[in-house]
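Asker: Have a look at the structure that comes next, please.
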Amino acid sequence: MLVKLIYKVYLIDGDSGILLLETTLKEFPKTQIEKEVFPDFFNEINQIIDSIHSAMAKGHNIDDIIRIVESESSTIIISYHRPSRILICSISDADDNIEQIKKAIIKIGNKFWKKHKAEIDHFRKTDDKSKFKTFSADIEVITMGGSIAEEYPQLIIIKNVLQSIRSMGIINDLEYLVALKCNGNNSPLEISRKFDKTKMEIYEVLNKLAELEIIKR
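Heads up: the sequence shown is residues -7 to 209, going by our numbering.
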């Protein structure tokens, strides 16, 4: 079983686009991933900042923004924390649980704003971002060292009971087969590839299986 982690978390000033903090939780396994990921990453950042500036110039209200970019090798999540006007961004393994990362990013944004509100105002007047360095420790705690989004679902009933559940029509054939692959070693992405399904389709199946207490996520 390969360890799947959040690689990096970035805090970027939404007003200026200046990087406030970069926290590395795990190095990219291959240099080519970095080359593939960063063009999309910076493109999304620039688009979001342009959208924010355009909305502000027109006097429009700006809501919290979450942008997700998925590829074969990674997942990029970018969230705009409106009170602080900070972008919280993560680059993680493609296998990681997106919902868990989104929750972690929201916590990071709220804690950063609560802890460094005065320093953010100071930065915007002086460009001094030295006070933000210690926040990397908070990011590591919130993300559990980057492992918070790992997901390897586990079947928690015996096969005979699972077969009976399928016979009663409670689950269909795909849901039955997916449950069998939940051995604690396969991620949702790996399971999706085995059945030529999208990761979101498999997530829907896993949600149902978890609600029925057939698997543990």
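Ideal Cβ positions, reconstructed from N, Cα and C, are used throughout, including at glycine.
Just to confirm, is the Cβ distance from residue 228 to residue 78 under 8 Å?
Answerer: Not covered by the structure: residue 228. The range shown for the chain is -7 to 209.
Asker: Return the Cβ separation of residue 180 and residue 195 in integer angstroms, given the expectation that the two are a contact with Cβ distance under 8 Å.
Answerer: That belief holds up - the Cβ atoms of residue 180 and residue 195 are roughly 6 Å apart, short of 8 Å.
Asker: What residues are listed by DSSP as bridge partners for residue 208?
Answerer: 146
Asker: Skipping 5 residues on each side, what residues in its chain have a beta carbon closer than 8 Å to that of residue 64?
Answerer: Hits under 8 Å: 86.
Asker: Tell me whether residue 52 sits in a helix, a strand or coil according to DSSP, three-state version.
Answerer: coil
Asker: Determine the burial state of residue -6: buried for a count of at least 16 other Cβ atoms within 10 Å of its Cβ, exposed for fewer.
Answerer: In this prediction, residue -6 has a pLDDT of 49, which is less than 50 and means its spatial position is unreliable; nothing more can be read from the coordinates.
Asker: Could you tell me the distance, in whole angstroms, from the CA atom of residue 103 to the CA atom of residue 76?
Answerer: The C-alpha of residue 76 is placed about 11 Å away from the C-alpha of residue 103.
Asker: Just how far apart, CA to CA, sit residue 15 and residue 201?
Answerer: When rounded, the distance between both Cα atoms is 35 Å.
Asker: Which one of 91, 139, 130, 171 has the shortest CA to CA distance from residue 149?
Answerer: 171
Asker: Which residue or residues does DSSP assign as beta-bridge partners of residue 0?
Answerer: When beta bridges are read from the DSSP output, residue 0 appears opposite 16, 83.
Asker: For the segment 39 to 54 against the segment 142 to 157, do three or more pairs of beta-carbon atoms, one drawn from each stretch, fall closer than 8 Å, so that the two count as touching?
Answerer: no
Asker: Have a look at residue 187 and residue 125 and give me their C-alpha separation to the nearest angstrom.
Answerer: 44 Å
Asker: Taking the beta carbon of residue 0 as the centre, do at least 16 other beta carbons fall within 10 Å, making it buried, or is it exposed?
Answerer: By the 16-neighbour rule on beta-carbons within 10 angstroms, residue 0 is buried.
Asker: List the residues that DSSP assigns as beta-bridge partners of residue 11.
Answerer: 4
Asker: Taking the straight line between their C-alpha atoms, what separation do you get for residue 83 and residue 160?
Answerer: Cα atoms of residue 83 and residue 160: separation of roughly 42 Å, rounded to the nearest angstrom.
Asker: Using only the alpha-carbon positions, how far apart do residue 173 and residue 91 sit?
Answerer: 21 Å
Asker: Take the Cβ of residue 137 as the centre, count every other Cβ of all protein chains shown within 10 Å, and call the residue buried at 16 or more, exposed below.
Answerer: Taking all protein chains shown into account, residue 137 has fewer than 16 neighbouring C-beta atoms within 10 Å of its C-beta and is therefore exposed.
Asker: Name the DSSP beta bridge partners of residue 62, please?
Answerer: 67
Asker: Among 28, 206, 2, which one has its Cα closest to the Cα of residue 162?
Answerer: 206
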